Amino acid sequence: MTHPSLRTIGISAVVGGSVTTALLAGAAAAGADAFTRLPNGTASGDGIRIVRSEESARVSPSMAANGTSRTTWVSGQITLYAPHLKPSKAGPSAGAAGESELPGSNGTATNGAAATLSTGYIVGCQVNVKGLQGGLSGSLTPTAPSVSGTLSVPLAAGEVKFVPLGTKNIEKPGTYHLGYDDAQIDVQDCAGYAQARAFTTIETTGEVHQKVNLYGKPFSIG
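What the sequence shown shows, in numbering that gives the first Met the number 0, is residues 0 to 221, in sequence order.
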């Protein structure tokens, strides 16, 4: 049984002038954007599966050329397969709570729904986020379940933050889709190497509680 798709998170950014495309691993021309396509991924639990596809990132240097700021536009498609969930209505939503308030939660807090789905990015300054997953501190907490506009992320050297893009209550079994296109994340105050990786978390309630995390491939944001 298929239910209506999740609300799409779309954050558009207009960039004047021509855009030069280059691999993040290569040496891009001064002032040019760097673009990379990221691999698909999947994670499974007991009767549930998350798939990420069509993920990409485009990184722009700071227009102020100050070396501490940069912008990345991220896109991706998330599909949740949950055909065996026991239906359960959600209570009042508190949104994504953030790692600083709920360490190890990946920003997800259940509220009685059959499952809660959240997605976003882990961003670090002068930190290799390849091995970093749950249990991080210093999170950025948006004021709404889904974000419209630019997310500004202040980062000091050695700091890592979870940046939630959206959260959704799943009340019935089915297949669900969530897409974000050019979601804009501004990294501020990072004078060194910055890196990010996607995360998606599904947490179920009921007699069989489980949490499944899907992490993307880390990529450079300059």
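Virtual Cβ for every residue (Gly too), placed ideally from N, Cα, C. In this text, all values refer to a predicted model and were calculated from it rather than measured experimentally.
| query | result |
| --- | --- |
| Candidates PRO217, GLN183, TYR175, LEU213: closest to LEU84 by CA position | TYR175 |
| Pair within 9 Å by beta-carbon distance, GLU170 and ALA89 | yes |
| Proximal residues to PRO86 (C-beta, below 8 Å), its chain only, five neighbours per side dropped | ALA113, GLU170, LYS171, PRO172 |
| Pairwise C-alpha distance: GLY75 and THR298 | Residue coverage of the chain in this structure runs from 0 to 221, which leaves residue 298 outside it and unanswerable. |
| Own chain, CB closer than 8 Å to GLN187, minus 5 neighbours either side, in chain order | THR67, SER68, SER151, VAL152, PRO153, LEU154 |
| CB contact flag (PHE161, GLY221, <9 Å) | no |
| Under the three-state DSSP convention, the category LYS88 falls into | coil |
| Residue of TYR80, SER59, LEU164 minimising C-alpha distance to VAL50 | TYR80 |
| Span of the beta strand (DSSP E) around ASP181 | 173-187 |
| Member of TYR192, ILE77, VAL122 whose CA lies at the smallest distance from the CA of LEU213 | ILE77 |
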